[in-house]
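If you read the sequence shown in this note's numbering, its first letter stands for residue 1, the second for the next number, and so on. Data block below; observations after.
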Amino acid sequence: MVRPKLRRHSRRSIVEALERAARKYGADITLEEFVRETGVSCGTVYRYFSGWPELRLEAELPRNVKSKMRYSDNALLEDPHKVAHLAGHVPTLDDYRTYGHAAVSTLQRRFGPEWMFVQGRYERWVEWKRDGRV
């Protein structure tokens, strides 16, 4: 008999773990410090969130002040949004490589190492934009 895998975490439990760790390390806590303090793996973070910036946003922490980003998340996500309008659907990697302007590696560094993370973050951004949260 095969046992179903039990999930140790949920989005909420990970956000709460970050909030606790941030009280100890401060608001500029890094992903490495978070993993070391909580035992939540990077893979788990990327399973539940499109990346570290999204988890920080959910925990209402300021953008990591150590990073020097030239473009905001909104500015970066406007580009796949334009591609989505051209393609008529959430852009695939091929769609984006054909019509997008920002480097794919820039989007993946910001939102996650695989294109599916970029797509997931884009889809949430579209919802937030529709709801007036961005």
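Just so it is clear, CB atoms sit at the ideal spot from N, CA and C, and this is done for glycine as well. What you are looking at is a predicted structure, and each value in this text was computed from that prediction instead of being measured.
- Within the region 25-49, the runs of alpha helix (DSSP H) at least 4 residues long that lie entirely inside it are, in chain order, 31-38, 42-48.
- Taking all protein chains in view, the Cβ of P80 is crowded by 16 or more other Cβ atoms within 10 Å, so the residue is classified as buried.
- Taking the C-beta atoms as reference points, P62 is found nearer than 8 Å to A27.
- For L107, the CB contacts under 7 Å within the same chain, skipping 5 residues up- and downstream, are L76, V118 in chain order.
- Taking the CA atoms as reference points, E123 sits about 30 Å from E37.
- Counting only the Cα atoms, D94 lies some 30 Å from L31.
- Only buried fits A59, as 16 or more other CB atoms lie within 10 angstroms of its CB.
- Cα atoms of W125 and V134: separation of roughly 8 Å, rounded to the nearest angstrom.
- Rounded to the nearest angstrom, the Cβ distance from F111 to G51 is 5 Å, consistent with a contact under 8 Å.
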